[in-house]
Every structure is written in structure tokens, then in C-alpha cells.
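Note that the sequence shown ends on residue 603 in the working numbering; no numbers are left out. Glycine residues also receive a C-beta, built at the ideal position from the N, C-alpha and C atoms. Report on one structure; see the data block that follows.
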Amino acid sequence: MIPKEKLKVAVLMGGDSAEREISLSTGRQVLDALNPEKYDARPVDARGLGQNLTALLEPRPDVVFIALHGPHGEDGAVQGLLDWLGLPYTGSGVLASALAMDKALSKKLFRAEGIPAPWSVVVTSDEPENTNLASLAPPLVVKPNRQGSSLGMTIVHETRHIREAIRLALEYDNQVLVEEFIEGTEITVSVLGNSHPFALPVLEIIPKAEFYDYASKYEVGGSRHIIPARISQSASRKALDYARRAHVLLGCRGMSRTDFIVRGDEPVVLEINTIPGMTPTSLLPDAARAEGISFPELISRLISSALEV
295 MIPKEKLKVA VLMGGDSAER EISLSTGRQV LDALNPEKYD ARPVDARGLG
345 QNLTALLEPR PDVVFIALHG PHGEDGAVQG LLDWLGLPYT GSGVLASALA
395 MDKALSKKLF RAEGIPAPWS VVVTSDEPEN TNLASLAPPL VVKPNRQGSS
445 LGMTIVHETR HIREAIRLAL EYDNQVLVEE FIEGTEITVS VLGNSHPFAL
495 PVLEIIPKAE FYDYASKYEV GGSRHIIPAR ISQSASRKAL DYARRAHVLL
545 GCRGMSRTDF IVRGDEPVVL EINTIPGMTP TSLLPDAARA EGISFPELIS
595 RLISSALEV
């Protein structure tokens, strides 16, 4: 029997966002998971990719595994480039990526479809000092509107600290989201698939810090993950339903992860991620393992999903 030719996979990682190191960690995990008997995989650093496509195209891959996080990775920019080049890639397309990255816009869409999300206002870098914040009563969450990994995020307990929190968030984005702080149980639901997506078990997050910040996400021991989450069956069913609906509403492909706070018996959407982390402490791989899907199998499924499109 003549062996099948290996599938050529370019793992796009690194890049130039504030989440570069996380992306490199995700990329290394993906590369380690790809069976060398089935895949001819190689890393490609996305830094400077717009000026030099040689690293990506020579040799031309059969599929690109996007292991990028943050601006230029999750926001539809690199997806548009790969569409133009005619290269299949993992994860969502341009529109879904851009919508998910814009927290304020995606939450408006969720609320319009009956998916609970916090109320919020957007402060821009053009007039940060002129925005009327008098009606906003702490506690509040202040964070960049189009950024990931909780970078630049602050929980504000006193009104006098709002401006300071906004200035910090503006270091990462020219739009800042100021929204109500919701107290409750933090959970996340990952969804896999294209035309027939399915949700993985509800995972509860217990961060050691006040909230699920950068250290909680990426430092070993920064948080505990409990599967299944210790919430009511009603709240669990709602979370699974909302996550699937959010995935379909935005037009996500391959994978997504929707984060919630359960207030009482109601899951409230915090955000949706189209390229969840794949580091040793990440949530999606943990949820997949609870469903009996090993990490190498998860990566293979995502590649297969990319080739279905």
C-alpha cells in the first residue's frame, strides 16, 4: 500500500500583539500534538508577515493552524489575508472573528437575541475625559474593548478610580468598555464544529486572584478548573444553549469559547473567544478531555473542520 502524503500544516504563532508570548506557548503545544506520521508541521512567526509572505508560502501549506491571540490574530485581519491567499485555516472567518473581538458590539447582538449580557458604555480615546460617567455606580469592570487575556482590565470599587482604570485600558485599545460588575460563579463553555456545533461540558473557573486575570489564566496554579461546574442543572442547560447560540449567531467555525458569570440561576455572557488558548493551563483542552477528546485528537478535529469549509 502506498502511504498517503502527509498533510502540510503551517502553525501561525507569535505575531506582534501584547499576547505574543501566549501565542508562542499555544503554537508550541499544537506543534507537539501533531503526529509526525500524519502531518508535516512547521512553525511560522506572524511577526512581519504582511511584508514578507515567504515564510508562510514556501512551501505552500495545505492548511494553516492559527495559534494567534489578540489584535491581528483574532480580529479577522490574518483571516482576511489567508482568504486572499486561498489557504484553508482553523477557526472562524473574517466577520465572526471581528464581531467576537469587539466586545461591545457582540454583546449588543447577544442581548438582541435574548442572550443575557451586562450593560456597558464605550469610552473612546478621542474624548476620554469628557465622557459622562456620573451615572455609573461601582463596582464596575473597565477593560479594552478589543483585547484578550484580561490585559488592561481593572475591577473598580470606587468612583474616584474609574478614570485611572480607563487610562490603563487605553494603553491597549482606543476603545474602552465600562460595564457592570457581575458577582457569581465564573464558568465557560467551549463549542466545537461548523454546521452542526456541539458544546463541551460546562467548566467552572476558580481564580486565585479577584478575577480571572492574566496570571490566573497562564500561570500554573493560577486557577482551578472544575468539571462539571457546581451550578444548577437549569443554569447549566442555559449556559450550553447560550454558548451554542452565540457560536451560530456570530457565524463561528471550528471552535469558540464563551465565558459567563452565573448570577443566581442565570448565566450572563462576558465575552466569546474564537481562538481559545491551547497552553498547558487553558480551558478548552480541559473541557475536551472531560468529553474524552485528547489534546492531539482535538487539534486534528480542528484541522479537519478547517478543511471542510
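Helix, strand or coil for residue i, going by three-state DSSP, please let me know.
i      : result
SER517 : strand
THR418 : strand
GLN441 : coil
SER526 : coil
PHE475 : coil
SER510 : Note on SER510: pLDDT 46, under 50, position unreliable in the model; the coordinate value appears next. DSSP places SER510 in helix when its eight states are reduced to three.
ALA600 : helix
VAL536 : In the sequence under discussion, the amino acid at residue 536 is Tyr, which differs from the Val named in the question. DSSP places TYR536 in helix when its eight states are reduced to three.
LYS502 : coil
ASP356 : coil
ASP377 : helix
GLN242 : Past the edges of the chain, shown from 295 to 603, lies residue 242, and the structure says nothing about it.
VAL496 : coil
ASP339 : strand
Would you mind giving the Cβ-Cβ distance between residue i and residue j, rounded to the nearest angstrom? I have them listed as a contact below 8 Å.
i      : j      : result
PRO438 : ASP467 : 4 Å
VAL556 : ILE525 : 5 Å
LEU494 : ALA581 : 4 Å
SER319 : PRO365 : Rounded, the Cβ-Cβ distance is 18 Å, inconsistent with contact.
At the level of alpha carbons, what is the spacing between residue i and residue j?
i      : j      : result
ALA349 : LEU445 : 29 Å
SER510 : TRP413 : Note that SER510 has pLDDT 46, beneath the 50 cutoff, so the model's placement of it is unreliable and the number below is only indicative. Each residue's alpha carbon lies about 25 Å from the other.
HIS490 : HIS541 : 11 Å
PRO355 : ALA304 : 6 Å
GLU465 : THR448 : 13 Å
TYR512 : GLN469 : Unreliable positioning characterises TYR512 in this predicted model, as indicated by a pLDDT of 47, which lies under 50. The coordinate reading is nonetheless provided below. Straight-line Cα distance between these residues: approximately 25 Å.
LEU393 : HIS363 : 15 Å
LEU462 : PRO353 : 42 Å
ARG314 : VAL388 : 20 Å
LYS401 : LEU543 : 11 Å
GLU474 : VAL358 : 38 Å
LYS471 : GLU299 : According to the sequence shown, residue 471 is Leu rather than Lys. So the two alpha carbons sit approximately 48 Å from each other.
ALA459 : ARG583 : 37 Å
ASP339 : ASN488 : 27 Å
GLU560 : GLY344 : 44 Å
VAL435 : VAL415 : 11 Å
GLU591 : VAL324 : 11 Å
PRO433 : ARG457 : 14 Å
SER386 : SER528 : 29 Å
With a Cβ-Cβ cutoff of 9 Å, do residue i and residue j count as a contact?
i      : j      : result
ALA390 : CYS546 : yes
GLY367 : GLY309 : yes
LEU486 : PRO522 : no
THR291 : ILE597 : As displayed, the chain neither begins before 295 nor continues past 603, which places residue 291 out of reach and without an answer.
ARG595 : LEU578 : no
LYS332 : LEU301 : yes
GLY558 : GLY478 : yes
THR573 : SER517 : no
ALA361 : ILE569 : yes
LEU347 : LEU379 : yes
Quick one: using the 10 Å Cβ neighbour count with 16 as the cut-off for buried, is residue i buried or exposed?
i      : result
GLN604 : No answer is possible for residue 604: it lies beyond the span of the chain, which begins at 295 and ends at 603.
LEU328 : buried
PRO330 : exposed
LYS532 : buried
ILE593 : buried
ILE500 : exposed
PHE404 : buried
ARG454 : exposed
PHE589 : buried
LEU601 : exposed
GLU452 : exposed
ASP553 : buried
ASP507 : Residue confidence for ASP507 is low, a pLDDT of 48 falling below 50, so the modelled location carries little weight; the figure read from the coordinates is stated next. With 16 or more other Cβ atoms within 10 Å, it is buried.
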